[in-house]
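Here the structure is laid out as C-alpha cells; the discussion comes afterwards.
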Amino acid sequence: MQRVEHDVSTAELEEGYRQATLRLIPFLVFLFILAWIDRVNVGFAKLQMLSDLQFSEAVYGFGAGIFFVGYFLFEVPSNLLLERIGARKTLARITILWGLASMSLAFVRSEWAFYAVRFLLGVFEAGFFPGVVLYLTYWFPSARRSRINGLFMTSFAIAGIVGGPIAGLIMGTMGGVAGLANWQWLFILEGIPSVVAGLAVLALLPDRPEKARWLSDRIAAAMSARVAAESRAAGKEASFRAALRDGRVWLCALIYFCIVSGNATIAFWTPSIIKEIGVRDPIAIGFLAAVPFVAGTIAMVWNGTHSDRSRERRLHCAAASLVAAAGLAATGALIGQASLALTALTVAAIGILAAFPVFWSLPQTFLAGTAAAGAIAAINSIGNLAGFVAPYMVGLSTTLTGASTNGLYFVAGLEFLAAILVFGFARWRESSGAALAPAAP
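Here it is, written out as C-alpha cells:
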C-alpha cells in the first residue's frame, strides 16, 4: 500500500479528506446561505419597501450596491486577521454582526439610513467568503480545490433555491403582523438565525486539521504537511507586499469583477425581472426565483468536479462566462416574453455560477501563506465592487427607460470580457513557465 507523510497510507489520507469534507463543507455552506440571504433579501423587500418608503429604483440600486463599498474597505484587514487569530473567532464575529445589521434594516425610514445600514452590513460581512476560501487551503491540496470550492459555493445557488420561497412566504403572509410590514418581518426573521449560527461557530469550527477532534493526530499532521509542502513549491509568492506588485493579482481581480457583476445582477434583480415579465404574486415570484439557482447549483458542482478531473482551468472558466453573457443578453432581449425570459435567466445563472469554483483555482496557482490571505481578500474585495456597479446600472436603466434591458446588456458585456481575460491570464501563466493544472493528489 502506498505510504505518504507521517507514515499515513493513501487510504487513510483519503478518509481524512472525506471526514473534513463531511464535517466542514455542510456547515460552511449553511453559514454562507445565511450570509447570502441577509445580503440579497433586500431584492425581495424591494417589492413592497420602495412604495412604503417612497424610494426610487435608483435609490434601491445605490443602497443594494453600497454594501460592496463597505465590503471592499474591510475585506483585506479581515482576512489578514483570520491568518493571525484563526477562522473560528473571525467567522463567528462576522456572522453575529451581519445578522444584527440585517435585522436593523427593518427599522430604516430614510434613504440615508438605508444607505448607512447597507454599508455597515458590507463592513460586517467583509472577509467571510475569502476567509472560507483561505480556510479551505489549510485542509485541502490544490488538486482538490475546484471540487471543494464548488461544493462550498453551491451555497450561492442553494441560497437562491431556499431563499426565494422563504422570502416569498414571509412577504406573502406576514404583512401587518404586530403592526410591521412584510418587508420588516423579512429582515427580522432572516437575521435572527445568523446571530445564533455565529455562536455555533465558536463551538463547532476547528481552525486547522490539528484542532479537529474527529481526526487522528497522524492523519491531521499528514494533511497539514501536504498543504505546507505545496505552499513551499517554487514559483509561489508568500509575501503579501510582493503579491500586490504582481500583475497577475490585479488581472485576477478584474476577471472576478466581471464574473461577480453577473452574480450580483441575478441575486438582486431576479425577483424584479420575474415581476417585469408579468408575475405579480410574491409567493409565486419566490418559487420562480429559485429555478435559475437550481440549474446553477448543478452546473457549479459539475464544472468544478470536471475541472479537477481533467486538470484544466482555462476553458472551464471562460466557457462558463460566455454562457453567462449569452444568457444575460437574451434575458434583456426577451423581457416581456415570460417563459423565454425565465429560460434565458436560467441559462445566465448556469454560466455565472459555474465560473466561480474554477476561477478560484487560478490565484491559488501562484499564491501561498500571507500572500494568499491578503491577495485572495484583495481579489474578492475588488471583484465585489461589481456588486455595487451592476445593480446600480440595472437600477439606473430601469429608472431612465422603464425596463432593465440596457442594464442587462451592460452586465452581459462584462461577462464576455471575463472570458477574454481568462485566456489572457492563461497565456501569462504559460509564458512564466507555471502550469494551470493542479498537482496530482
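In this note's numbering, the protein residues as written are 4 to 444.
All C-beta atoms in this analysis are idealised placements derived from N, C-alpha and C, irrespective of residue type, glycine included.
Since the model is a prediction, treat every value here as computed from it, not as a measurement.
- Here the C-alpha atom of Ala-67 lies approximately 13 angstroms from the C-alpha atom of Ile-269.
- In the DSSP assignment, Ser-197 falls within the alpha helix (DSSP H) that extends over 185-207.
- In this structure, the beta-carbon distance from Val-198 to Gly-102 falls below 8 angstroms.
- Contact between the segment 319-328 and the segment 355-371 is established, with three or more Cβ pairs separated by less than 8 angstroms.
- Ala-224 and Ala-23 have their C-alpha atoms spaced approximately 13 angstroms apart.
- Counting of Cβ neighbours within 10 angstroms places Leu-403 among the exposed residues, the total staying below 16.
- By the neighbour-count criterion, in which 16 or more other beta carbons inside 10 Å mark a residue as buried, Val-11 falls on the buried side.
- In this structure Leu-108 is buried. Its beta-carbon is surrounded by 16 or more other beta-carbon atoms within 10 angstroms.
- Note on Trp-39: 16 or more other CB atoms within 10 angstroms of its CB, so buried under the neighbour-count rule.
- For Trp-363, there is no enclosing alpha helix (DSSP H), as DSSP marks it with neither H nor E.
- For Leu-411, the closest C-alpha among the options Ala-421, Ile-423, Gly-398 is that of Gly-398.
- In the DSSP assignment, Ser-105 falls within the unbroken alpha helix (DSSP H) covering 90-107.
- Positions of the alpha helix (DSSP H) runs, each at least 4 residues long and wholly inside the segment 244-306, are given as 250-279 in order along the chain.
- The three-state secondary structure of Met-226, taken from DSSP, is helix.
- Taking 8 angstroms as the cut-off, the beta carbon of Ala-293 is found no closer than this to the beta carbon of Ile-173.
- Straight-line measurement puts the Cα of Leu-37 at about 7 angstroms from the Cα of Pro-196.
- By the 16-neighbour rule on beta-carbons within 10 angstroms, Gly-281 is exposed.
- DSSP places Gly-171 in the helix class (H, G or I) of the three-state scheme.
- With 16 or more neighbouring CB atoms inside 10 Å of its own CB, Arg-317 falls in the buried class.
- In the structure shown, Met-156 falls within a helical segment according to DSSP collapsed to helix, strand and coil.
- DSSP places Ala-389 in the uninterrupted alpha helix (DSSP H) bounded by 389-404.
- Within the same chain, Cβ atoms closer than 7 angstroms to the Cβ of Gly-307 are found at Ser-149, Arg-150, Asn-152, Gly-153, Pro-360, Val-361, the five residues on either side in sequence being excluded.
- For Ile-423, the three-state secondary structure derived from DSSP is helix.
- Judged by DSSP in its simplified three-state form, Leu-84 adopts helix.
- Under the three-state reduction of DSSP output, Ile-382 falls in the helix class.
- Annotation: the continuous alpha helix (DSSP H) that includes Met-52 extends over 45-56.
- One Cα belongs to Leu-257, the other to Glu-78, and the distance between them is close to 16 angstroms.
- Cβ atoms of Gly-427 and Leu-254 come within 8 angstroms of each other, at about 7 angstroms.
- Counting C-beta pairs with one atom in each stretch, the segment 375-395 and the segment 326-345 have fewer than three that are closer than 8 angstroms, which means they do not touch.
- The segment 49-66 makes contact with the segment 105-119, as at least three CB pairs between them are under 8 angstroms.
- A straight-line Cα-Cα distance of about 48 angstroms links Tyr-63 and Glu-18.
- With 16 or more other Cβ atoms from the protein chains shown falling within 10 Å of its own Cβ, Ile-276 counts as buried.
- Between Cys-261 and Glu-418 the beta-carbon gap is near 6 angstroms, inside 8 angstroms, which marks them as a contact.
- Minimum Cα-Cα distance from Trp-217 among the listed residues Thr-408, Leu-27, Leu-420 corresponds to Leu-27.
- Counting every other CB atom within 10 Å of its CB across the protein chains shown gives Thr-13 a total below 16, marking it as exposed.
- No residue range can be given for Arg-216, since it is assigned to no alpha helix (DSSP H) and is classified by DSSP as neither H nor E.
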